[in-house]
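Quick notes on the structure that follows.
Residue numbers (the working numbering), protein chains in the order written: chain A, 233 to 658; chain B, 617 to 910; chain C, -9 to 274.
Here it is in structure tokens:
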């Protein structure tokens, strides 16, 4: 709903964006520069230093981007700071508290509602029209959803990731499956057969500590999770999903406490010949398990009512207390260009949110990437409420009671639903 | 040492008190106020969003089943961990000190090393050791014909595993304090005792242990305070799981404060913990004073 | 030591030697257990990522590689982090001096409100650290100390634990010596520098090591105060190595090993020079 309104707002920009977006990067950047500086003519003369916080292990890739950007925009220099993922939340809190932070801020999709609700990231709704690169239609719709809060656009999609099914083709065909399971029933069936191969053999690796796992499956079963700020975790669609997932753990189809890395169990004779994970595992499997090359593949998730996956990644946001909003947007527009996003992918392995970039042969000709690209079209972020992190952590504890301590599902979900409602009402 | 220079003591402690006032006392006062409000991230960004709610946070946190579990776990950690650390580090210090030659000095480094190792590295290494599948501990156990142990996946055993890890990290520091204290004991006591024909054991119980009284008081108080704030081990190893089996009071506070941004609630939780620590410390001081008088 | 052994009865020295062997054996057995995780960390830092994840695990690297160490300096800025860490560590020794002064003040003077003030110092040790983080940050911010080296080191200057330790030790210093120094006409501060500090060498050594280690491992404030990567420390660098998804264990091991080995060297150095010097002077 919301995303349709937004795409309507920027509809005029979209046409221009699509036309110029792929035609020529340089022209495009110039038009962005012009439209930006039209708003604030004095800014274009001034020398501006932008501060950018990038999450992850190194600031070097972003510095390369920044250099290229400064070449096109000599008035704007960019200073990059890498923030470790593990401590990013603490660091952001202090920035909010002091109102001193960066100008451009990379933000994980799950943190968007919390920081948007606190007013820490700027409302960009009215600015987007000035930058054709930032038009909503350029990006996967799921990624755009994650930039919406309270009817406002508070970020620009930057990196996208979603969960797909990884499986060992040779092992699956040994139990009669020549292709990946297509439905929930097939998934359960193939997992059972794979487990019956013998001792210390499992069907599928499902990480019970992954906060999105159950919610993703529940949506495939038609569950709404949250509707009009009311928790929906007692509804049959949700309850049945939990019961379905629990079957995997109770019957030993999915290992609990195996304590092994996916890369350790996927190779060899396929102790765990299927798992659900994100695109980063493609590189990991290729690098660490060269011996199974050609014996594994990826597939879109099996479906129940649908096969919607969970969408993650990061958005680029503008810190609300910045003094250089135009320059910040200019930089974000630069980073949103398909060719720049591809360059970023080559530097870091992180995947573009811009759909145009996915038409590049690097992505479209790669079988695994094509699967990820297809799944991205059918992927939604977790519900955009600020208590979501807390709710999903609570669910992990609830689910642990169910699969580990064999607690009653209905009673557990009743408590969980009440607890979640309390958080939503706050 | 009386009546020498009136200003001297204040000059000695002045800079410290000033810094403490600015970076400890003032923040604590701010935190007291925060604990009486519903401050969250929106409140942090804009103070007008903060509402004063009196003691509600305190009432809520004391009724929070997870917090009560966390307090119970913390008690478990303290009751088992503190005596273990004191006995082990004192034992190692005495043994190393007994040797008094070059070879024994190597042990000082060996036993001290774990406490200087960065906690991130500790987490990586110990996760591997405790790994249920390929972990070194279970590998050794199975090759000796024993059953595998669910090191971090059974709520009670996980607590013990974390205590073992904390013991490994904690011996070094206290050992060094004991060794320093041991070397402060004048040789002349031992020489006199040896001339009287006292055995090593008698020298230990009659001279060494009594002379170490201050060090033991110090180590037991600081260790107790440290263990009441037990945080890093569950934080890096288990995140409080399985089934809240390892969540400590400090971890509970951290998760509520920094993961979920419920600053008021977390602050209230930490003052509850704070009062428990003060009570325990005062009790300990009183007991030890009584012992000293006897 | 040897002098003493000679003067003691020969039978005692024989049983002494047996006891020493037994104790040495006990220490060795437990020492191996203590050092095993550490050894594994260092050896792993020379392995390839694939070998670290291999089942069954290897202790000794099949192929030695320095790739991970190289990455620390080429792909990451570990050189800058190293310099910052050294600077912070150096600064934190100012804090050590302040703690020693305060410890002495509390130990050897009677003044109004002493016990209450000392209790206050102790109380600051008992408050869980996380709760004061944001207030401290706001205070530093209002003092315009964010993004400065001073802002990074100031909050960690005073250690209640350190003051407590100094006071405990300095209380045991004989009053007579201090009185005698005073009668010789030395001022209070001269006395502190020339008599008290030298007599406190063992505790200074302990504190110096602790100060070094906390400076070396400092993580939270360098991360939060710095608005510029140029102020990051090794610990922050190590944290940067922890990826969002999955982790390069080999790289982490290398980073961790790189952080621990200098401490080890410093520690060996310190215990040799300070603790033992004291030992000798104490015996004479």
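Even glycine gets a Cβ: it sits at the ideal position worked out from N, Cα and C.
Per DSSP, which one or two residues make a beta bridge with residue 506 of chain A? A:399
Confirm, please, whether the CB-CB distance from residue 506 of chain A to residue 420 of chain A is below 8 Å. no
Express the C-alpha separation of residue 392 of chain A and residue 607 of chain A in angstroms, rounding to a whole number. 11 Å
Contact with chain C by residue 424 of chain A, beta-carbon distance below 8 Å: no
Contacting positions in the stretch 821 to 838 of chain B - beta carbon closer than 9 Å to chain C: 830, 831, 833, 834, 837, 838
Using 8 Å as the threshold, is the C-beta distance between residue 745 of chain B and residue 751 of chain B below it? yes
From what residue to what residue does the alpha helix (DSSP H) around residue 469 of chain A run? 468 to 482
Show which residues of chain B have a CB atom less than 8 Å away from the CB atom of residue 145 of chain C. 639
Extent of the continuous alpha helix (DSSP H) run through residue 206 of chain C: 191 to 206
Once DSSP output is grouped into helix, strand and coil, what is the label at residue 872 of chain B? helix
Who are the Cβ neighbours of residue 514 of chain A in its own chain at under 6 Å, not counting the five residues just before and after it? 600
Please list the partners that residue 541 of chain A has in chain C, where partner means a Cβ-to-Cβ separation under 9 Å. Ordered by position in chain C, no residue passes the 9 Å Cβ test against residue 541 of chain A, which lies about 15 Å from the chain.
Go ahead and pull the three-state DSSP assignment for residue 212 of chain C. helix
With 16 as the cutoff for other CB atoms within 10 Å, does residue 948 of chain B come out buried or exposed? Past the boundaries of the shown model lies residue 948 of chain B; chain B is included only from 617 to 910, so the question cannot be answered.
Would the stretch 133 to 153 of chain C and the stretch 89 to 100 of chain C be scored as touching if the rule is three or more Cβ pairs under 8 Å? yes
Please classify residue 658 of chain A as buried or exposed, where buried requires at least 16 other C-beta atoms within 10 Å of its C-beta. exposed
Quick one, which of C:211, C:241, C:5, C:172 has its alpha-carbon nearest residue 130 of chain C's? C:211
Taking 8 Å as the threshold (beta carbon to beta carbon), is residue 629 of chain A in contact with chain B? yes
Please return the same chain residues whose Cβ sits closer than 7 Å to the Cβ of residue 623 of chain A, not counting the five positions on each side in sequence. 652, 655
Using the beta-carbon of each residue, which ones in chain C are nearer than 7 Å to residue 723 of chain B? 17, 21
Quick one: list the residues of chain B neighbouring residue 346 of chain A, beta-carbon separation under 8 Å, in chain order. 657, 877
I need the DSSP call for residue 767 of chain B, collapsed to helix, strand or coil. coil
For chain B, is any of its Cβ atoms less than 8 Å away from the one on residue 204 of chain C? no
In the DSSP assignment, find the beta strand (DSSP E) that holds residue 850 of chain B and state where it starts and stops. Here residue 850 of chain B belongs to no beta strand (DSSP E); instead the alpha helix (DSSP H) covers 848 to 853.
Give me the chain C residues within the contact set of residue 851 of chain B, using Cβ-Cβ distance strictly less than 9 Å, ordered along the chain. Result: empty, since nearest Cβ-Cβ is about 11 Å, beyond 9 Å.
Using a Cβ-Cβ cutoff of 9 Å, what residues of the stretch 310 to 321 of chain A are near chain C? List them in chain order. 311, 312, 313, 314, 315, 316, 317, 318, 319
Quick one: does residue 91 of chain C have its CB under 8 Å from some CB of chain B? yes
Mind checking whether residue 485 of chain A and residue 409 of chain A have CB atoms under 8 Å apart? no
Mapping DSSP to helix, strand and coil, what is residue 269 of chain A? Bear in mind that a pLDDT of 39 at residue 269 of chain A, under 50, signals an unreliable position, so the number given afterwards is only what the model happens to contain. Note: residue 269 of chain A maps to helix in three-state DSSP.
Going by the beta-carbon positions, is the gap between residue 508 of chain A and residue 438 of chain A smaller than 8 Å? yes
Does residue 122 of chain C come out as helix, strand or coil in the three-state DSSP assignment? helix
Using a Cβ-Cβ cut-off of 8 Å, state whether residue 226 of chain C counts as contacting chain A. yes
Using a Cβ cut-off of 9 Å, pull out every chain A residue sitting near residue 65 of chain C, in sequence order please. 289, 290, 292
Three-state secondary structure (DSSP) of residue 497 of chain A: helix
Do residue 241 of chain C and residue 58 of chain C come within 8 Å of each other at the CB atom, strictly closer than that value? yes
Keeping to the same chain, check which residues put their C-beta closer than 7 Å to that of residue 893 of chain B; ignore five residues upstream and five downstream. 841, 844
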